[in-house]
Amino acid sequence: MRKQKVIILRITFIVTTLGVLGLFVSGQNLRVLNQKVDKELEVTREKVAVQQDKLEALQKEVTDINSKEYIEKVATDQLGMVEEDTIVFREKK
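Throughout the sequence shown, residue numbering follows the numbering used here, covering 1 to 93 in sequence.
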């Protein structure tokens, strides 16, 4: 009877020790996983910030393109157009 109790106590101790060890290992794995997720989140936030900057630049470009000054500049520089009352001088070749 006494021997049986000792065996049961040892088995209980071993099972408890293994359970605690298992919980510790699981906790370590969760910590590593959490660190990976935090790093991925940081990288994703940086990518979002870059895309936000690009979006703002494009929105400014759209605003500029729709301005009268931009349209006049393109008409003059690229299309060779001039305003109605403008006198154009051409260089002889």
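Heads up, the beta-carbon is just placed ideally off N, CA and C, and yes, glycines get one too.
Spatial distance of residue 65 from residue 81 (CA atoms):
17 Å
Contacting residues, own chain, Cβ-Cβ under 8 Å from residue 75 (five flanking each side not counted):
81
Got a sec, what are the start and stop residues for the alpha helix (DSSP H) residue 86 sits in?
Counting along the chain, residue 86 falls outside any alpha helix (DSSP H), and DSSP gives it neither H nor E.
Can you tell me whether DSSP reads residue 90 as helix, strand or coil?
coil
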